[in-house]
Amino acid sequence: MSWVHRMLTVANVSWRSSMPAGRPLALLVSLVVVPILDVACQLMLGGSLNSPALARIGYAGGLVTAACQVATVMASGMTMDREEGIIPQVLIRRPMDLAYWIGLGLPGVVAASVTGLVALAGTLVLNVGHGPSDFLRALSLLPTALFAGLALGLLVGGLGLLTADSFAPLNAVTVLLPVAVGVVVPAEAYPVPLRWFATNLPLGVTIQAVEDYGLSWTAVLLAEVIRGLVEIAIGLAASVAALRRIRSGAYLRL
(Lines of atoms letter the chains of each structure in order from A; the text may use other names.)
(Lines give C-alpha, C1' and ligand atoms only; values in the text may rest on other atoms or scores of the structure.)
Protein backbone atom coordinates (compact mmCIF):
# COMPACT_ATOMS: atom_id res chain seq x y z
CA MET A 1 0.00 0.00 0.00
CA SER A 2 2.89 2.37 0.65
CA TRP A 3 3.92 2.02 -3.03
CA VAL A 4 0.41 2.96 -4.18
CA HIS A 5 0.26 5.82 -1.69
CA ARG A 6 3.55 7.27 -2.92
CA MET A 7 2.44 6.94 -6.53
CA LEU A 8 -0.87 8.69 -5.89
CA THR A 9 0.87 11.42 -3.90
CA VAL A 10 3.25 12.13 -6.76
CA ALA A 11 0.35 12.03 -9.22
CA ASN A 12 -1.66 14.47 -7.12
CA VAL A 13 1.21 16.95 -6.92
CA SER A 14 1.95 16.56 -10.63
CA TRP A 15 -1.71 17.11 -11.51
CA ARG A 16 -1.99 20.28 -9.45
CA SER A 17 1.25 21.70 -10.80
CA SER A 18 0.75 20.88 -14.48
CA MET A 19 -3.01 21.17 -14.95
CA PRO A 20 -5.45 24.02 -14.19
CA ALA A 21 -7.13 21.72 -11.68
CA GLY A 22 -8.53 24.56 -9.59
CA ARG A 23 -10.06 26.35 -12.60
CA PRO A 24 -12.85 24.27 -14.13
CA LEU A 25 -13.31 26.59 -17.11
CA ALA A 26 -9.62 26.51 -17.99
CA LEU A 27 -9.63 22.73 -17.61
CA LEU A 28 -12.64 22.47 -19.92
CA VAL A 29 -10.94 24.62 -22.54
CA SER A 30 -7.66 22.68 -22.44
CA LEU A 31 -9.25 19.22 -22.49
CA VAL A 32 -12.26 19.77 -24.77
CA VAL A 33 -12.27 23.03 -26.72
CA VAL A 34 -8.63 23.00 -27.84
CA PRO A 35 -8.72 19.40 -29.19
CA ILE A 36 -11.86 20.16 -31.21
CA LEU A 37 -10.25 23.28 -32.69
CA ASP A 38 -7.12 21.27 -33.50
CA VAL A 39 -9.19 18.68 -35.34
CA ALA A 40 -11.07 21.37 -37.25
CA CYS A 41 -7.81 23.02 -38.33
CA GLN A 42 -6.31 19.69 -39.42
CA LEU A 43 -9.40 18.81 -41.44
CA MET A 44 -9.41 22.23 -43.10
CA LEU A 45 -5.71 21.88 -43.91
CA GLY A 46 -6.31 18.47 -45.42
CA GLY A 47 -9.25 19.83 -47.39
CA SER A 48 -7.16 22.68 -48.76
CA LEU A 49 -4.66 20.08 -50.00
CA ASN A 50 -7.50 18.06 -51.58
CA SER A 51 -6.62 15.08 -49.42
CA PRO A 52 -8.75 12.02 -50.23
CA ALA A 53 -8.51 10.76 -46.63
CA LEU A 54 -9.62 13.53 -44.29
CA ALA A 55 -10.72 11.04 -41.64
CA ARG A 56 -7.21 9.59 -41.49
CA ILE A 57 -5.79 13.08 -40.92
CA GLY A 58 -8.19 13.75 -38.07
CA TYR A 59 -7.64 10.43 -36.35
CA ALA A 60 -3.87 10.50 -36.80
CA GLY A 61 -3.76 14.06 -35.52
CA GLY A 62 -5.84 13.14 -32.48
CA LEU A 63 -3.50 10.29 -31.56
CA VAL A 64 -0.40 12.47 -31.96
CA THR A 65 -2.01 15.25 -29.92
CA ALA A 66 -2.76 12.82 -27.09
CA ALA A 67 0.79 11.44 -27.11
CA CYS A 68 2.32 14.92 -27.14
CA GLN A 69 0.15 15.96 -24.20
CA VAL A 70 1.38 13.02 -22.13
CA ALA A 71 4.97 13.83 -23.09
CA THR A 72 4.49 17.50 -22.21
CA VAL A 73 3.10 16.77 -18.75
CA MET A 74 5.83 14.20 -18.07
CA ALA A 75 8.71 16.40 -19.22
CA SER A 76 7.28 19.49 -17.50
CA GLY A 77 6.95 17.55 -14.26
CA MET A 78 10.58 16.47 -14.47
CA THR A 79 11.64 20.06 -15.06
CA MET A 80 9.66 21.37 -12.10
CA ASP A 81 10.95 18.60 -9.84
CA ARG A 82 14.47 19.45 -10.96
CA GLU A 83 13.98 23.04 -9.84
CA GLU A 84 12.69 21.81 -6.48
CA GLY A 85 15.62 19.42 -6.03
CA ILE A 86 13.42 16.33 -6.15
CA ILE A 87 14.90 14.69 -9.24
CA PRO A 88 18.44 14.51 -7.78
CA GLN A 89 17.10 12.85 -4.63
CA VAL A 90 15.14 10.29 -6.66
CA LEU A 91 18.13 9.49 -8.86
CA ILE A 92 20.48 9.16 -5.88
CA ARG A 93 18.23 6.91 -3.83
CA ARG A 94 16.45 4.77 -6.45
CA PRO A 95 16.62 5.70 -10.15
CA MET A 96 14.10 2.96 -10.99
CA ASP A 97 11.46 4.19 -8.54
CA LEU A 98 8.36 3.11 -10.45
CA ALA A 99 6.04 4.79 -7.95
CA TYR A 100 7.63 8.15 -8.72
CA TRP A 101 7.84 7.77 -12.50
CA ILE A 102 4.34 6.34 -12.90
CA GLY A 103 2.90 8.96 -10.57
CA LEU A 104 4.64 11.70 -12.53
CA GLY A 105 3.16 10.54 -15.81
CA LEU A 106 -0.29 9.47 -14.60
CA PRO A 107 -1.93 12.95 -14.77
CA GLY A 108 -0.80 13.31 -18.36
CA VAL A 109 -2.24 9.91 -19.26
CA VAL A 110 -5.59 10.80 -17.68
CA ALA A 111 -5.76 14.22 -19.34
CA ALA A 112 -4.62 12.89 -22.71
CA SER A 113 -7.20 10.11 -22.56
CA VAL A 114 -9.92 12.76 -22.42
CA THR A 115 -8.21 14.92 -25.05
CA GLY A 116 -7.68 11.98 -27.38
CA LEU A 117 -11.25 10.76 -27.01
CA VAL A 118 -12.60 14.26 -27.72
CA ALA A 119 -10.34 14.64 -30.77
CA LEU A 120 -11.33 11.27 -32.20
CA ALA A 121 -15.03 11.87 -31.55
CA GLY A 122 -14.68 15.33 -33.07
CA THR A 123 -13.30 13.79 -36.25
CA LEU A 124 -16.22 11.38 -36.38
CA VAL A 125 -18.70 14.25 -36.04
CA LEU A 126 -17.02 16.89 -38.21
CA ASN A 127 -16.09 14.59 -41.08
CA VAL A 128 -19.29 12.77 -41.98
CA GLY A 129 -17.91 11.00 -45.04
CA HIS A 130 -16.79 7.84 -43.28
CA GLY A 131 -18.19 5.09 -41.11
CA PRO A 132 -17.78 4.35 -37.40
CA SER A 133 -15.36 1.48 -38.11
CA ASP A 134 -12.56 4.00 -38.73
CA PHE A 135 -13.38 5.68 -35.42
CA LEU A 136 -13.29 2.37 -33.55
CA ARG A 137 -9.99 1.52 -35.21
CA ALA A 138 -8.44 4.81 -34.08
CA LEU A 139 -9.95 4.44 -30.61
CA SER A 140 -8.32 1.03 -30.23
CA LEU A 141 -4.95 2.65 -30.99
CA LEU A 142 -5.33 5.33 -28.29
CA PRO A 143 -3.71 3.21 -25.50
CA THR A 144 -0.62 2.63 -27.64
CA ALA A 145 -0.40 6.36 -28.33
CA LEU A 146 -0.62 7.10 -24.60
CA PHE A 147 2.17 4.66 -23.79
CA ALA A 148 4.29 6.08 -26.61
CA GLY A 149 3.75 9.58 -25.23
CA LEU A 150 4.71 8.47 -21.72
CA ALA A 151 7.98 6.94 -22.94
CA LEU A 152 8.66 9.94 -25.16
CA GLY A 153 8.10 12.30 -22.23
CA LEU A 154 10.66 10.49 -20.10
CA LEU A 155 13.10 10.58 -23.02
CA VAL A 156 12.83 14.31 -23.74
CA GLY A 157 12.60 15.09 -20.02
CA GLY A 158 15.84 13.21 -19.37
CA LEU A 159 17.58 14.84 -22.32
CA GLY A 160 16.32 18.21 -21.09
CA LEU A 161 18.28 17.74 -17.87
CA LEU A 162 21.46 17.78 -19.97
CA THR A 163 20.65 21.04 -21.75
CA ALA A 164 20.61 24.66 -20.64
CA ASP A 165 17.02 24.95 -21.90
CA SER A 166 15.23 21.95 -20.45
CA PHE A 167 12.22 22.45 -22.71
CA ALA A 168 14.23 22.46 -25.96
CA PRO A 169 13.97 18.68 -26.62
CA LEU A 170 10.25 18.71 -25.80
CA ASN A 171 9.55 21.70 -28.05
CA ALA A 172 11.47 20.15 -30.92
CA VAL A 173 9.60 16.86 -30.63
CA THR A 174 6.11 18.35 -30.35
CA VAL A 175 6.70 20.53 -33.41
CA LEU A 176 8.41 17.99 -35.66
CA LEU A 177 6.67 14.75 -34.68
CA PRO A 178 3.30 15.38 -36.45
CA VAL A 179 5.11 16.12 -39.71
CA ALA A 180 7.67 13.34 -39.32
CA VAL A 181 5.20 10.51 -38.71
CA GLY A 182 2.88 11.66 -41.51
CA VAL A 183 -0.26 13.15 -40.00
CA VAL A 184 -1.32 15.28 -42.99
CA VAL A 185 0.81 13.68 -45.71
CA PRO A 186 1.00 9.91 -45.04
CA ALA A 187 4.44 8.42 -44.59
CA GLU A 188 3.74 6.08 -47.52
CA ALA A 189 4.10 9.12 -49.79
CA TYR A 190 7.61 9.89 -48.50
CA PRO A 191 10.77 8.76 -50.32
CA VAL A 192 11.87 5.30 -49.23
CA PRO A 193 14.61 6.40 -46.76
CA LEU A 194 12.28 8.94 -45.12
CA ARG A 195 9.45 6.40 -45.07
CA TRP A 196 11.61 3.94 -43.13
CA PHE A 197 12.66 6.73 -40.76
CA ALA A 198 9.06 7.86 -40.18
CA THR A 199 7.84 4.33 -39.48
CA ASN A 200 10.53 3.79 -36.85
CA LEU A 201 9.86 7.02 -34.98
CA PRO A 202 7.71 7.05 -31.84
CA LEU A 203 4.07 6.67 -32.96
CA GLY A 204 5.23 5.79 -36.47
CA VAL A 205 3.62 2.34 -36.48
CA THR A 206 0.54 3.62 -34.65
CA ILE A 207 -0.13 6.30 -37.26
CA GLN A 208 0.49 3.83 -40.06
CA ALA A 209 -2.04 1.46 -38.49
CA VAL A 210 -4.82 4.09 -38.57
CA GLU A 211 -5.65 3.12 -42.16
CA ASP A 212 -3.57 -0.05 -42.55
CA TYR A 213 -5.91 -2.71 -41.20
CA GLY A 214 -3.28 -5.34 -42.00
CA LEU A 215 -1.40 -4.25 -38.88
CA SER A 216 -2.94 -5.96 -35.87
CA TRP A 217 -3.39 -4.12 -32.59
CA THR A 218 -1.05 -6.59 -30.90
CA ALA A 219 1.70 -5.96 -33.44
CA VAL A 220 1.35 -2.20 -33.07
CA LEU A 221 1.42 -2.40 -29.27
CA LEU A 222 4.46 -4.67 -29.31
CA ALA A 223 6.34 -2.32 -31.64
CA GLU A 224 5.54 0.73 -29.50
CA VAL A 225 6.43 -1.08 -26.25
CA ILE A 226 9.82 -2.18 -27.59
CA ARG A 227 10.57 1.31 -28.88
CA GLY A 228 9.22 2.85 -25.68
CA LEU A 229 11.44 0.74 -23.44
CA VAL A 230 14.46 1.92 -25.42
CA GLU A 231 13.34 5.54 -24.99
CA ILE A 232 12.80 5.04 -21.26
CA ALA A 233 16.27 3.54 -20.89
CA ILE A 234 17.83 6.48 -22.75
CA GLY A 235 15.85 8.99 -20.68
CA LEU A 236 16.90 7.41 -17.39
CA ALA A 237 20.51 7.17 -18.58
CA ALA A 238 20.45 10.86 -19.52
CA SER A 239 19.03 11.73 -16.09
CA VAL A 240 21.74 9.75 -14.32
CA ALA A 241 24.39 11.35 -16.55
CA ALA A 242 23.08 14.79 -15.62
CA LEU A 243 23.29 13.90 -11.93
CA ARG A 244 26.87 12.68 -12.32
CA ARG A 245 27.86 15.93 -14.03
CA ILE A 246 26.41 17.86 -11.12
CA ARG A 247 28.24 15.76 -8.55
CA SER A 248 31.50 16.17 -10.47
CA GLY A 249 31.18 19.95 -10.30
CA ALA A 250 29.89 20.64 -13.80
CA TYR A 251 27.38 23.45 -14.10
CA LEU A 252 23.88 22.32 -14.90
CA ARG A 253 20.60 23.73 -13.71
CA LEU A 254 19.58 20.50 -12.02
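Numbering-wise (my numbering), the sequence shown opens with residue 1 and increments by one. Glycine included, every Cβ here is placed at the ideal spot set by N, Cα and C.
Comparing alpha-carbon positions, which option in the options lies nearest residue i?
{"i": "Val114", "options": "Val29, Glu231, Ala238 and Arg244", "result": "Val29"}
{"i": "Asp134", "options": "Met44, Asp212 and Pro24", "result": "Asp212"}
{"i": "Gln42", "options": "Pro52, Gly58 and Leu27", "result": "Gly58"}
{"i": "Gly105", "options": "Gly149, Leu63 and Leu25", "result": "Gly149"}
{"i": "Ala164", "options": "Ser140, Ala187 and Thr79", "result": "Thr79"}
{"i": "Ala75", "options": "Asp97, Ser51, Pro107 and Leu139", "result": "Pro107"}
{"i": "Ile207", "options": "Gly182, Ala53, Val109 and Ser239", "result": "Gly182"}
{"i": "Ser51", "options": "Leu8, Ala66, Ala219 and Ala189", "result": "Ala189"}
For the alpha helix (DSSP H) that residue i lies in, which residues bound it at each end?
{"i": "Ala121", "result": "Leu98 to Leu126"}
{"i": "Ser76", "result": "Leu54 to Glu83"}
{"i": "Ile164", "result": "According to the sequence as given, residue 164 is Ala; it is not Ile. From DSSP, Ala164 is part of no alpha helix (DSSP H); its letter is neither H nor E."}
{"i": "Ser216", "result": "First-last for Ser216: undefined, no H or E at that position."}
{"i": "Arg94", "result": "Run containing Arg94: none; DSSP gives neither H nor E here."}
{"i": "Arg195", "result": "Val192 to Thr199"}
Compute the beta-carbon to beta-carbon distance between residue i and residue j, rounded to the nearest angstrom, for a pair I have assumed lies under 8 Å.
{"i": "Leu161", "j": "Arg82", "result": "6 Å"}
{"i": "Arg56", "j": "Val179", "result": "Between Val179 and Arg56 the Cβ distance is about 15 Å, and since that is not below 8 Å, they are no contact."}
{"i": "Val10", "j": "Ala99", "result": "7 Å"}
{"i": "Val205", "j": "Leu215", "result": "7 Å"}
{"i": "Leu177", "j": "Leu203", "result": "7 Å"}
{"i": "Leu124", "j": "Pro132", "result": "7 Å"}
The stretch 151 to 171 / the stretch 65 to 72 touching (three or more Cβ pairs under 8 Å): yes
Evaluate the contact criterion for the stretch 108 to 127 versus the stretch 164 to 180: three or more CB pairs, one atom per stretch, below 8 Å. Taking 8 Å as the limit for Cβ pairs, the verdict is that the stretch 164 to 180 does not touch the stretch 108 to 127.
Is there contact here, the stretch 134 to 147 with the stretch 30 to 38, by at least three beta-carbon pairs under 8 Å? no
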